[in-house]
């Protein structure tokens, strides 16, 4: 069993909270879709939360492993792979702009 320092415990708690927030948002998106409403803005926010979560999780896993200079490591691969997620479905800035316009009603 691994012992975590206070900073690692805090990071783990943030990851758990983000997971719960993502699950609640998934439920809201499903609710809107079943009700015939467009969950577009909520979906954009969910993607943003998901990408940030996967990046934070990969960073956390990297912090917990010694790595020992190993390049062919699943943890290292996952960490590097999460960087492309901020581009794959729309950049983070685009997703933030969509959320600002659709959810907060801010002007374009």
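In our numbering, the protein residues as written are 35 to 142. Where a beta carbon is used, it is the ideal one built from N, C-alpha and C, also for glycine. Model, not experiment: these values are computed from the prediction.
Backbone secondary structure at residue i - three-state DSSP
{"i": "residue 96", "result": "helix"}
{"i": "residue 39", "result": "coil"}
{"i": "residue 53", "result": "helix"}
{"i": "residue 74", "result": "helix"}
{"i": "residue 88", "result": "helix"}
{"i": "residue 125", "result": "coil"}
{"i": "residue 62", "result": "helix"}
{"i": "residue 80", "result": "helix"}
{"i": "residue 142", "result": "coil"}
Where the alpha helix (DSSP H) through residue i begins and ends
{"i": "residue 137", "result": "Neither: residue 137 is in no alpha helix (DSSP H) and is coded neither H nor E."}
{"i": "residue 112", "result": "108-116"}
Proximity winner among the options, relative to residue i (alpha-carbon distances)
{"i": "residue 89", "options": "39, 140, 45", "result": "45"}
{"i": "residue 41", "options": "77, 94, 127, 126", "result": "94"}
Own chain residues within Cβ distance below 6 Å of residue i, not counting five before or after
{"i": "residue 92", "result": "112, 113, 116"}
{"i": "residue 137", "result": "75"}
Own chain residues within Cβ distance below 8 Å of residue i, not counting five before or after
{"i": "residue 49", "result": "87, 90, 91, 94"}
{"i": "residue 140", "result": "134"}
{"i": "residue 82", "result": "126, 129, 130, 133"}
{"i": "residue 36", "result": "98"}
Beta-carbon proximity list for residue i, same chain, < 7 Å, skipping 5 on both sides
{"i": "residue 78", "result": "129, 132, 133"}
{"i": "residue 67", "result": "73"}
{"i": "residue 63", "result": "73, 76, 77, 80"}
Given 8 Å, three or more beta-carbon pairs between the stretch 106-119 and the stretch 52-60:
no
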